[in-house]
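Protein chains in written order, with our numbering: chain A, 22 to 130; chain B, 22 to 130.
Remarks on the structure that follows.
See the structure below:
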């Protein structure tokens, strides 16, 4: 059987929390859809991940801040970046007007 | 340094061949952007890959045919599927009017 779906299906326009859906997982690598609806990382919170994450923004807008950078990076349609393991980062804000859809690949460590 | 870019940048509207760009590669898993501009797999050709490929179509349209299915699958914006290792498949056609942009994750075998 072929697993199949649509990345933009079943998006809740206003959820309380970010919604994470695992789309595929193999050999320790995981592909996720993340939908943000205005959420930001909690004040003072930094993601510090054991493995590399590759992420692309496919709808909406957001700002991603790295601890070792002065300014947040503004991300729009199609913008991608590779977050090295242990590069501390946070979501400063996400679009409050419409869902922000990310595709994230968490590489096996 | 953070590797970053845009998935829809530098797309050649009419190329002779499909264009494949490696966006990230880690622990045997590879993320590629594939741009098709009307190409199809050659007649009688089937992809037969040693590892699982997860693919999503992010612009344009295409039809993907699996050898063990009667009809090709029509893919539009956001449609994704997981192609198991050794599931023989081919691109029947891709949009002739505008570039078709795929994001493919080739999992480590």
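Don't be surprised by glycine CBs; every beta carbon is placed ideally from N, CA and C.
Predicted model, so just to flag it, every value in this text is computed and none were measured.
Residue 28 of chain A has its alpha-carbon roughly 21 Å from the corresponding atom of residue 49 of chain A. Contact annotation: the stretch 98-115 of chain A touches the stretch 55-70 of chain A, with at least three C-beta pairs closer than 8 Å. Proximity of chain B to residue 28 of chain A at the Cβ level (cut-off 7 Å) is accounted for by 77, 99 and 101, in chain order. Annotation for residue 128 of chain B: 50, 72 and 73 place their beta carbon closer than 6 Å to its own, counting only its chain and skipping 5 residues before and after.
Annotated three-state conformation of residue 28 of chain B is coil, per DSSP. Taking each of A:52, A:100 and A:70 in turn and checking the Cα distance to residue 109 of chain A, the smallest one comes out for A:70.
The three-state reading of DSSP puts residue 45 of chain B in strand, counting E and B together. Checking the DSSP bridge columns, you'll see residue 103 of chain B partnered with B:75. About 13 Å separates the Cβ atoms of residue 122 of chain A and residue 52 of chain A, ruling out a contact at the 8 Å cut-off.
Nearest C-alpha to residue 97 of chain B among B:85, B:91 and B:106: B:85. DSSP, reduced to helix, strand and coil, places residue 87 of chain B within a strand of the structure shown. Close partners of residue 24 of chain A in chain B (Cβ separation under 7 Å): 102 and 103.
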